[in-house]
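Peer 1: Dropping the structure in here first, questions after.
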Amino acid sequence: MELGEPVYRLSNRYHNAARELHSVIPISSNHILNVQHLLHSSYWYKSEARFVESWHALSTAIREAQALGMHQDQLAGSISEFDFEMRRRLWCVLDTWDWQISALLSRPKLIDRSECKVSLPALTLESYSPSPLLHVKLQSEVIAELASRFGSPREVTSPAQIDQYTGVILTWMNKFPQVYNLDNPDTSIDSKQTWVTLHRHYLHTMAYSMLLDPLRAYMARRMTANSHRDDLRIRDDGIAYTLKLMSALSRFFEFLYPKDARFHWALFSIFDTAAVLCSVILHDEDCYISSRQEILIAIESARSMLERLATETRTAKTSYEILSKLAKRIENPYPPPKMPNHHHKRARAAEESLTPPFFQHGDASVGSSDVGSADDFDTFSVSPVGSGGVAQSISSTSPAYGPGFLDVSRGYQMPNTGYDATYAMPQAVQAAADTVLMPAPPNPYMPPTPRDSYAQIPCDIFSAEQLGELAALWNYQSLDLNFVPNQNG
């Protein structure tokens, strides 16, 4: 260990040392300290964007806790109230993380909640309020109710079930304590209790993410104005919640960047949320969506945030490049005609002359080292923030000039879903939007995409190796983007 060694390398060394020490403890020697160590290990893997390893470490922690009877209060025996509280706090964290990471990886839950009979922690040991664990307790409360009524979110499919599911989440969100209120939080203690701001942003983004879980399938369906009324309603609700999630993620990003730019869960959420919105636009066959402008601005906002993160990790750079390709598909959903080989050079020159400046910054290649490893901090060359993108290119290439333009520089009013909120663009996107006018939908010069054309449009050329951790995280098949990684590299 050398003086001045980077923090991320020290973190790696400390974690490896802890794993080595833990490996000498016999498997049958169960102890609460083992559970705490495994939770720390799971969190470390999460912080390094190694979510699969995090899931496995969490699985071991859960089995250790179950061996100690933490999943049932009656198995605790005669112990002090303090020890009871510690056990309940640990199980609360395990329960919440299991739901989150399993959903993130599209894997089965590790905990059978029908076997669990444990009370939530009281959170009264601290001499201050709120407790640093309050945001986890709040999530555990709603997870218990959702699990008892619906099982897994993937089992919530019918319109009636979705209405009930979203009703539970919205009721829970409306009951947040004032310090975590969605619309007008009490920020008076933020400077004194520094964890509160982080937990507020985290809770808000988690709440909207949970709200969207069963609605995502409807947002990846091809729809027209003549689609079933319930399908359209659920899709429109999903769009409204997704825009709210993107607004919450924008605030979260401004809080994290640049000091905590490697908060990978927020990074992936930005990318995944924007990909969902891209899917919505691509499946809107007759440009019937009324909030099309807000969606385009939200996608550009996500692209701008990922561009700022692209120099930090390979995961961010890969996410930025994929989202840029998806954004380009939104602008031109039709595949180019196939040409003989001798036409390739001419076609490439024509394409470059017609392509907005933003989409010509694609010369950097993605490395193949493990995402989240100690080598994850290479610097990459990317285009400058605000150099273009969906918002700018649409305004510059669309022929629909005239009275159909809208000024997008002041934000948008979200569709009415029970909350009054406007979509707030980050400063980088705001600066670009101040000089941009966008045509109001529908664009008469952009006919609806034929159903059979989607299968012909490759999203293309990323190999599974280049996707890195995104290959395990991003369920692109569920978005019907026809995005199949090139296994040949």
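The sequence shown lines up with residues -14 to 474 when you count with the numbering used here. C-beta: ideal position from N, C-alpha, C; glycine also. Only a predicted model underlies this, so the values are computations on that prediction, with no experimental measurement involved.
1. Quick test of the definition: if touching needs 3 or more C-beta pairs under 8 angstroms, does the region 54 to 69 touch the region 258 to 275?
2. Of all the options 193, 146, 249, which has the alpha carbon lying nearest to the alpha carbon of residue 225?
3. Which runs of the alpha helix (DSSP H), 4 residues or longer, sit entirely within the region 220 to 272?
4. Buried or exposed, going by whether 16 or more other CB atoms sit within 10 Å of the CB of residue 72?
5. Starting from the C-beta of residue 92, find all residues in its chain whose C-beta is less than 7 angstroms away, skip the five residues before and the five after it, and write them out in chain order.
6. If we ignore side chains and look at the alpha-carbon of each, how far apart do residue 195 and residue 154 end up?
7. Is residue 160 helix, strand or coil by DSSP?
8. Mind checking which residues open and close the alpha helix (DSSP H) that includes residue -3?
9. So which of 214, 219, 125 has the shortest CA-CA distance to residue 205?
10. For residue 102, which residues does DSSP report across the bridge?
11. Could you pull out every residue in the same chain whose Cβ sits closer than 7 angstroms to the Cβ of residue 128, ignoring the five residues on either side in sequence?
12. In chain order, what residues of the same chain have a beta carbon less than 6 angstroms from the beta carbon of residue 290, not counting five sequence neighbours either side?
13. May I have the straight-line CA-CA distance separating residue 32 from residue 247, to the nearest angstrom?
14. So residue 283 and residue 197 are supposed to be a Cβ contact under 8 angstroms. How far apart are they, rounded?
15. Determine whether the beta carbon atoms of residue 18 and residue 77 lie at a separation below 9 angstroms.
16. Below 8 angstroms on the Cβ atoms is my guess for residue 7 versus residue 22; work out the distance and round it to an integer in Å.
17. Starting from the C-beta of residue 107, find all residues in its chain whose C-beta is less than 7 angstroms away, skip the five residues before and the five after it, and write them out in chain order.
18. Is residue 79 near the ligand SAM, in the sense that its beta carbon is under 8 angstroms from a heavy atom of that ligand?
19. Hey, quick one: how far does the alpha helix (DSSP H) through residue 204 stretch, first residue to last?
20. Taking the alpha helix (DSSP H) that residue 21 falls in, what are its first and last residues?
Peer 2: Taking the coordinates as given:
1. no
2. In the sequence shown, residue 225 corresponds to position 240, counting from 1. Cα-wise, what sits closest to residue 225 is 193.
3. Counting only unbroken stretches of 4 or more residues, the alpha helix (DSSP H) elements lying wholly within the region 220 to 272 are 249 to 267, in sequence order.
4. One-based indexing of the sequence shown puts residue 72 at position 87. Under this definition residue 72 is a buried residue.
5. In the sequence shown, the residue the question calls residue 92 occupies position 107. Within the same chain, residue 92 has close Cβ partners 40.
6. Translated into positions along the sequence shown, residue 195 becomes position 210. Translated into positions along the sequence shown, residue 154 becomes position 169. For residue 195 and residue 154, the gap between their C-alpha atoms comes out near 8 angstroms.
7. Position 175 of the sequence shown holds residue 160. Coil.
8. To locate residue -3, count along the sequence shown from 1; it is residue 12. Residue -3 -> alpha helix (DSSP H) spans -8 to 8.
9. Against the sequence shown, residue 205 aligns to sequence position 220. The option with the nearest alpha carbon to residue 205 is 219.
10. Residue numbering aside, residue 102 sits at position 117 when the sequence shown is read from its first letter. Paired residues: 57.
11. Position 143 of the sequence shown holds residue 128. Cβ within range, chain order: 80, 81, 84.
12. The sequence position of residue 290 within the sequence shown is 305, counting from 1. The answer, listed in chain order, is 238, 255.
13. The sequence position of residue 32 within the sequence shown is 47, counting from 1. The sequence position of residue 247 within the sequence shown is 262, counting from 1. About 7 angstroms.
14. Residue 283 sits at position 298 when you count from the first residue of the sequence shown. Residue 197 sits at position 212 when you count from the first residue of the sequence shown. Their Cβ separation, rounded to whole angstroms, is 14 angstroms, which puts residue 283 and residue 197 out of contact at 8 angstroms.
15. What you label residue 18 is simply residue 33 of the sequence shown in a count that begins at 1. What you label residue 77 is simply residue 92 of the sequence shown in a count that begins at 1. No; because the gap between Cβ atoms is not below 9 angstroms, this pair is not in contact.
16. Translated into positions along the sequence shown, residue 7 becomes position 22. Translated into positions along the sequence shown, residue 22 becomes position 37. Your pair residue 7 and residue 22 checks out as a contact, with CB atoms roughly 6 angstroms apart and the cut at 8 angstroms.
17. If you number the sequence shown from 1, residue 107 lands on position 122. Here the set comprises 70.
18. Among the ligands in the structure shown, none appear at all, so the ligand SAM cannot be discussed.
19. The residue you call residue 204 lines up with position 219 of the sequence shown. That run of the alpha helix (DSSP H) goes 201 to 204.
20. As a position in the sequence shown, residue 21 is number 36, starting the count at 1. Counting along the chain, the alpha helix (DSSP H) containing residue 21 begins and ends at 17 to 32.
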